[in-house]
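S.K.: Residue numbers (numbering that gives the first Met the number 0), protein chains in the order written: chain A, 0 to 234; chain B, 0 to 110; chain C, 0 to 546.
No residue lacks a Cβ here, since even glycine has one placed at the ideal position from N, Cα and C.
Take a look at this one; I'll ask things after.
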Amino acid sequence: MPNREGTVSEMAAHSAHPPGFAHQFEDMGQQREAGSLGMWLFLVTEIMFFGGMFASYIIYRALHLPAFETGSRLLNVRLGAANTGVLIASSLTMALAIHAAQVGKRKGTIIFYLLLTMILGAAFLGLKFTFEWHQDWIEGLVPGLNWAYSGPHAPGVELFFCFYFFMTGLHALHMIVGIGILTVLIAMAGRGRFNDQYYAPLEITGLYWHFVDIVWIFLFPLLYLIGGRYAMGGH
Amino acid sequence: MSEHIVPVRIYIAVFLALLILTGLTTWVAFIDLGSMNTVAALAIAVTKMLLVILFFMHVKYSPGLTRLVVLAGFFWLAILVALTLADELTRGWTPKPESWSVLLLTVRGLP
Amino acid sequence: MSTVVQPVDDLAPPESSRVHYLNAKYGVRSWLLTTDHKRIALLYLVSITLMFFVGGAFAVLMRLHLIEPQGTLVEPDTYNKLFTLHGIIMIFFFLVPSIPATLGNFLVPMMVGARDLAFPKLNLLSWYIYVAGAILALYSAIAGGVDTGWTFYTPYSSTFSHTNVTAVAVGVFVMGFSSILTGLNFIVTIHKMRAPGLTWFRLPLFLWAIYATSIIMILGTPVIAITLFLLGLERLLHIGIFDPAIGGDPILFQHLFWFYSHPAVYIMILPAMGVMSELITCFSRKRIFGYGFVAFSSMAIAVISFLVWGHHMFVTGQSIYAALIFSVLSFLVAIPSAIKVFNWMATIYQGSISYQAPMLYALGFIGLFTMGGLTGLFLASLATDVHLNGTYFIVAHFHYIMVGGTVMAYLGGIHFWWPKITGRMYPDGWARFAALVIFVGFNLTFFPQFMLGYLGMPRRYAVYPVEFQVLNVMSSAGASILGIGYLIPLIYLVWSMRYGPPAGPNPWKAKGLEWQTPSPPPTENFPEIPVVTEDAYEYAKPGGHRE
């Protein structure tokens with residue numbers, strides 16, 4: 000049976016559209032707006048997804064403040080702060096990658112910034128897993144696996160560490176997915192897919208990457224800093 | 000999505016601001032401000048978030064629909080937090096029957 | 000038309016010589032790799048129908064067991080698994096996707112005058128995700144079932160149940176993404192791809208309903224996702240945030256669960272209300288009464304639905320102050336629904352009414368949904384809820400809305416748009432007969448349950464006191480009639496795909512862009528994107544000239 004190619008007017012219009020154009024749309028402008036709105040709606044689902052855990056954290060912190068403060072003080076603030084800086088830097092390099100495409104820079108420049116973003120993201124994960132989590136494992140602070148804490152407020156501290164691992168774990172999972180997407184983008188950039196007319200995948204990935212950064216911007220103070228650290232004179 | 004191209008110097012400025020705020024919030028955590036510690040930490044976090052949203056995510060240059068979508072997301076999260084807290088924080092406001100107290104101690108075991 | 004005599008081929012219907020979305024490409028790959036929203040709608044239709052009958056089978060077993068007060072058909076543990084799986088499958092794998100994924104997928108692009116949804120590949124992905132979730136749910140059923148109730152309350156689900164909770168939780172988690180992608184697609188399509196001249200207030204009300212539904216899908220589904228994720232972690236690690244031993248609150252699970260699951264019931268009813276607006280206007284040959292009110296009431300339902308979840312928790316030990324807030328808001332949420340019913344009634348009034356099967360389903364909806372909705376008010380009221388919670392009154396209440404409401408509207412919509420989807424007419428005599436069988440069977444099944452609940456029979460119990468037997472037998476008898484009623488359309492609809500008379504572009508003489516295309520439509524929907532110049536439902540002015 001015949002495969003419909005479309006009306007004559009459609010086929011004429013096809014040649015006028017840039018590569019990457021999807022034919023359910025009228026023009027690239029509509030496609031760009033739709034893609035952006037779509038990613039923002041997805042990020043709203045992510046707000047609610049992480050939000051469920053943030054809401055639970057807020058509630059339990061209100062109910063068990065001393066235990067949560069005790070738990071918070073067991074975290075490594077310096078590493079947490081350093082990691083925050085690393086992630087913020089990766090957001091900068093991501094924004095610069097998009098900017099490079101927008102102003103028509105060579106694909107090498109785009110790839111450079113994307114690679115830098117990836118490396119910084121990987122550095123974040125490396126610091127988290129090999130230093131923070133590893134240290135927590137050694138100290139017996141992993142609920143359900145090797146919980147060995149016997150200090151004050153033990154049950155509540157265990158609840159705190161459930162949140163610590165669940166929330167930073169879910170965040171790390173999102174980082175890993177983001178790094179995967181960046182790999183795909185680098186491959187696309189390598190094939191010269193992006194230019195000052197078409198860079199929507201970069202923009203959309205950027206939105207996702209910045210969102211994951213924002214989650215950490217809240218995780219850092221909520222987990223590491225609201226612990227009455229002044230009482231300890233620095234950890 | 001706006002075609003507005005944000006100049007690199009704005010990105011750099013935002014980046015530096017974010018680093019400074021991170022340092023600030025970490026430093027403040029070691030100073031005793033009582034209950035204001037929490038307020039300060041959250042205020043700084045919200046500021047950092049706004050910088051990322053407005054500039055890195057281009058919302059400052061985006062159509063109104065985008066802003067509405069972002070606001071809706073946070074507003075809905077606020078609904079979840081507020082109404083759940085309304086329950087969790089006010090359970091103790093009504094007197095419990097005496098006979099329940101024993102049960103509670105064994106279940107919770109927490110101060 | 001030519002005056003030359005053409006040989007007439009009685010066996011091949013005319014559209015076989017015309018290319019449309021069903022015959023544009025053949026072969027399994029052309030269906031499994033399609034990005035055409037119409038084909039994806041049919042993929043969903045097949046999967047959802049399958050899950051409906053699986054969920055229905057569990058219900059049949061339950062009703063057969065409940066014929067005797069000390070039923071011996073199944074063990075009590077098995078009975079627990081039956082009501083759990085019935086609920087999970089019917090809610091997550093039938094009702095939530097039903098109208099949006101079938102009728103919505105098929106109609107949304109056509110109603111906005113577009114060639115497809117905004118993200119056709121995401122649409123196909125959403126179907127595969129649905130299938131993956133369904134397979135997980137069916138696996139968990141076959142591998143021994145789940146006995147926690149579809150509500151998965153902790154600590155039973157997190158700590159004590161030895162059934163396949165994690166597997167089915169993952170299945171529902173996965174299915175949530177299908178929901179999210181569908182909603183995302185609809186919102187972007189309606190915002191960005193409307194045809195020239197199609198302003199928001201010229202949209203068919205079905206699209207307003209789908210839009211409101213999609214908002215709920217986007218905002219609510221992620222919360223059940225994270226909740227089930229946390230439940231799974233707690234089962235896996237034997238410790239978690241709902242565990243009282245470390246200060247966790249099992250009621251927090253219920254807050255998180257119902258934050259989605261209450262709006263979810265509006266995901267299930269809003270699209271049905273959208274279908275209703277289409278059916279009522281067409282079969283009354285009248286404009287909708289109060290277009291703005293109906294449109295805004297959909298949005299109001301979407302918003303207020305997120306503020307009432309605590310009414311599922313009145314007897315859990317929730318704070319009385321929170322309960323008061325939730326109770327008041329629950330009364331509020333009834334208002335937009337009532338507004339819709341009033342507007343439909345006003346539309347029918349002095350209309351030129353015809354009683355084809357879609358209209359019979361629509362009329363049934365009005366009565367049954369109203370009953371279900373009103374009984375919800377008894378449940379929103381704190382004092383009466385204490386008595387009625389956990390009884391068959393609740394079961395009857397939500398079945399009146401879900402089955403008497405949503406399923407009736409779904410069937411009405413399937414019949415209404417069947418000629419457009421397949422190019423064939425179904426036999427309306429059989430369809431009307433089936434609609435009546437369903438109506439009778441439904442009421443016989445569920446009205447006795449209101450009485451049972453009021454008299455105090457608890458829900459989710461495998462045994463009951465002997466004085467409740469008469470009403471239970473009535474309910475089971477009704478269930479068998481209802482079951483037969485559902486099988487009849489399955490038979491004649493499938494039959495009509497091959498032997499039904501060909502339908503023209505607009506057999507109902509309905510308004511709407513989808514009826515401007517041939518039946519079945521071509522793959523690209525419109526050869527030229529239409530320009531819209533009139534409001535929705537331009538049937539006839541009230542009191543004026545009738546068609």
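Since C/S29 meets chain B, which of its residues come closer than 9 Å, beta carbon to beta carbon?
M.R.: What C/S29 touches in chain B: nothing, since even the nearest Cβ is about 34 Å away.
S.K.: At what residues does the alpha helix (DSSP H) containing C/K419 begin and finish?
M.R.: 407-421 is the extent of the alpha helix (DSSP H) around C/K419.
S.K.: Assign C/K80 to buried or exposed, taking buried as 16 or more other Cβ atoms, counted over all protein chains shown, within 10 Å of its Cβ.
M.R.: Counting Cβ neighbours within 10 Å, C/K80 comes out buried, since at least 16 surround it.
S.K.: Is it the case that the Cβ atoms of C/T421 and C/M496 are separated by a distance below 8 Å?
M.R.: Going by C-beta atoms, C/T421 is nearer than 8 Å to C/M496.
S.K.: When the Cα of C/A263 is compared with those of C/L229, C/V307, C/M61, which residue comes out closest?
M.R.: For the residues C/L229, C/V307, C/M61, the minimum Cα distance to C/A263 belongs to C/V307.
S.K.: Identify whether C/T390 lies in helix, strand or coil by the three-state DSSP scheme.
M.R.: If DSSP states are grouped into helix, strand and coil, C/T390 belongs with the strands.
S.K.: Are the C-beta of A/L36 and some C-beta of chain C separated by less than 8 Å?
M.R.: Yes, because at least one Cβ of chain C sits closer than 8 Å to the Cβ of A/L36.
S.K.: Please identify the residue among C/M50, C/P457, C/L124 whose C-alpha is closest to the C-alpha of C/M89.
M.R.: Of the candidates C/M50, C/P457, C/L124, the one whose C-alpha sits nearest the C-alpha of C/M89 is C/M50.
S.K.: For C/G389 and chain A, any beta-carbon pair shorter than 8 Å?
M.R.: No, C/G389 lies away from the interface with chain A (no Cβ there is under 8 Å from its Cβ).
S.K.: With a cut-off of 8 Å, does the C-beta of B/Y60 fall near any C-beta of chain A?
M.R.: No, because no Cβ of chain A sits closer than 8 Å to the Cβ of B/Y60.
S.K.: Would you kindly work out how many angstroms separate the C-alpha atoms of B/P6 and C/L235, rounded to a whole number?
M.R.: Rounded to the nearest angstrom, the two C-alpha atoms are 49 Å apart.
S.K.: Taking only beta carbons into account, state which residues of the region 51-62 of chain A come closer than 8 Å to chain B, listed in chain order.
M.R.: Within the region 51-62 of chain A, the qualifying residues are G51, F53, A54, I57, I58, A61, L62.
S.K.: Taking the C-alpha atoms as reference points, what is the distance between A/I97 and B/R66?
M.R.: About 21 Å.
S.K.: Does any residue of chain A have a CB that is nearer than 8 Å to the CB of C/T383?
M.R.: So no, C/T383 is outside the interface.
S.K.: Spell out a yes or no on whether the region 217-224 of chain C and the region 41-49 of chain A are touching, meaning 3 or more CB-CB pairs, one atom from each, closer than 8 Å.
M.R.: In short, these stretches touch, since the Cβ pair count reaches three.
S.K.: So with CB distances below 7 Å, who are the chain A contacts of C/F118?
M.R.: Those within 7 Å of C/F118 in chain A are G37.
S.K.: Under the DSSP definition of a beta bridge, which residues are partnered with B/P6?
M.R.: None; B/P6 has no bridge partner.
S.K.: Following the continuous alpha helix (DSSP H) through A/M117, name the residue where it begins and the one where it ends.
M.R.: Start and end: 106-125.
S.K.: Around the Cβ of C/Y399, are there at least 16 other Cβ atoms within 10 angstroms (buried) or fewer (exposed)?
M.R.: Buried, by the Cβ-count rule.
S.K.: Count the other CB atoms within 10 Å of the CB of C/E527; is the residue buried (16 or more) or exposed (fewer)?
M.R.: Under this definition C/E527 is an exposed residue.
S.K.: Going by beta-carbon coordinates alone, are C/A361 and C/I268 separated by less than 8 Å?
M.R.: It is not a contact, given that the beta carbons lie outside the stated cut-off.
S.K.: Rounded to whole angstroms, how far is the Cβ of C/S283 from the Cβ of C/T346, which I believe are closer than 8 Å?
M.R.: Between C/T346 and C/S283 the Cβ distance is about 6 Å, and since that is below 8 Å, they are a contact.
S.K.: State the DSSP-derived secondary structure class of B/T83, mapped to helix, strand or coil.
M.R.: Of the three classes helix, strand and coil, the one that applies to B/T83 here is helix, per DSSP.
S.K.: Taking A/D195 as the reference, which of A/L184, A/D135, A/A99 has the closest Cα?
M.R.: Among A/L184, A/D135, A/A99, the Cα nearest to that of A/D195 belongs to A/A99.
S.K.: Let me see if you follow: with CB-CB separation under 8 Å, is A/S90 close to chain B or not?
M.R.: Yes, A/S90 counts as interfacial toward chain B.
S.K.: Would you call the region 237-250 of chain C and the region 325-333 of chain C touching, i.e. three or more CB-CB distances under 8 Å?
M.R.: The answer is no - the region 325-333 of chain C does not touch the region 237-250 of chain C, with fewer than three Cβ pairs under 8 Å.
S.K.: Note down the Cα distance separating A/L64 from A/L158, rounded to an integer number of angstroms.
M.R.: C-alpha separation (whole angstroms): 11 Å.
S.K.: Roughly how many angstroms lie between the CA atoms of C/G440 and C/V95, to the nearest whole one?
M.R.: Spanning the two alpha carbons is a distance of roughly 23 Å.
S.K.: Within the 8 Å Cβ cut-off, does B/M0 reach chain A?
M.R.: Note that B/M0 scores 41 on pLDDT, short of 50, meaning its location in the model is unreliable; the coordinates nonetheless yield the value given after this. For B/M0, the answer is yes, since a Cβ of chain A falls inside 8 Å of its Cβ.
S.K.: My guess is that A/I58 and B/T37 are in contact by the Cβ rule of under 8 Å, so how many angstroms apart are they, rounded?
M.R.: No, A/I58 and B/T37 are not in contact; Cβ-Cβ is about 15 Å, not under 8 Å.
S.K.: Pick helix, strand or coil for C/P457, following the three-state DSSP scheme.
M.R.: Three-state DSSP puts C/P457 in a strand.
S.K.: Can you say whether C/N104 is buried or exposed, counting buried as having 16 or more other CB atoms within 10 angstroms of its CB?
M.R.: With 16 or more Cβ atoms within 10 Å of its Cβ, C/N104 is classed as buried.
S.K.: What residue range is occupied by the uninterrupted alpha helix (DSSP H) comprising C/R201?
M.R.: Run containing C/R201: none; DSSP gives neither H nor E here.
S.K.: Between C/F252 and chain B, is any beta-carbon pair separated by less than 8 Å?
M.R.: Chain B, which has no Cβ nearer than 8 Å to the Cβ of C/F252, makes this no.
S.K.: Using C-beta distances below 7 Å, list every residue in its chain close to C/G309, excluding the 5 sequence neighbours before and after it, in chain order.
M.R.: These residues qualify, in order along the chain: Q317, A321, A322, F325.
S.K.: For the candidate residues C/Q355, C/G484, C/G452, whose alpha-carbon lies nearest to that of C/D427?
M.R.: When only C-alpha atoms are compared, the closest one is C/Q355.
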